[in-house]
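Enquirer: The following block contains the structure, expressed as structure tokens.
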Amino acid sequence: LCFSSACVPAQSVLTLKAALGNGLENYETIKARNNYLKAAEKNLALSRREYVPNLTVSAQQDYGTVNGQNGPLYGFNGLGVASSGLPLPNQNWNAGFGALYLANINWEFFNFGRTAE
3 LCFSSACVPA
13 QSVLTLKAAL
23 GNGLENYETI
33 KARNNYLKAA
43 EKNLALSRRE
53 YVPNLTVSAQ
63 QDYGTVNGQN
73 GPLYGFNGLG
83 VASSGLPLPN
93 QNWNAGFGAL
103 YLANINWEFF
113 NFGRTAE
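Just so you know, the sequence shown maps onto residues 3 to 119 in our numbering.
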């Protein structure tokens, strides 16, 4: 037999903490469940933010007749008003300026337990 004095390195020791970390990084089901948990937390935070009242506004500046009005319109969150009348049988150029401003506050105070989860 021949004995060698060369040292062969042994395998490194795998601690329990390192093994758990390795499993958490490589096991796809655990990653998916962790993502489900993060999504549920964000959904709960969104439900709590939606619980407070929200304010919507719109503004309209017009120039025209009852036969048709032209002008810029800004409707935030879907609120807009068309303040034109019915068409007239003949053309009328007696125009005037007009304005319309709206403010609306919505508050859903019945949320059926979304914020309590």
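Every residue gets a Cβ at the ideal spot worked out from N, C-alpha and C, and that includes glycine.
As the structure is a prediction and not an experimental result, all values here were calculated from the model.
Once DSSP output is grouped into helix, strand and coil, what is the label at Leu-90?
Expert: coil
Enquirer: Where in the stretch 25 to 72 do unbroken runs of the alpha helix (DSSP H), each at least 4 residues long, occur, reported from the N-terminal end onward?
Expert: 30 to 52
Enquirer: On the criterion of 16 or more Cβ atoms from any shown chain inside 10 Å, does Gln-62 qualify as buried, or is it exposed?
Expert: Gln-62 should be labelled buried.
Enquirer: Would you kindly check if the distance between the Cβ of Tyr-65 and the Cβ of Phe-111 is under 8 Å?
Expert: no
Enquirer: Between Asn-92 and Asn-56, is the Cβ-Cβ spacing less than 8 Å?
Expert: no
Enquirer: Closest to Tyr-103 by C-alpha separation, out of Leu-90, Val-59, Val-54, would be which residue?
Expert: With respect to the C-alpha of Tyr-103, the residue from Leu-90, Val-59, Val-54 having the closest C-alpha is Val-59.
Enquirer: My output table needs one value for Ala-101: the three-state DSSP class, helix, strand or coil.
Expert: strand
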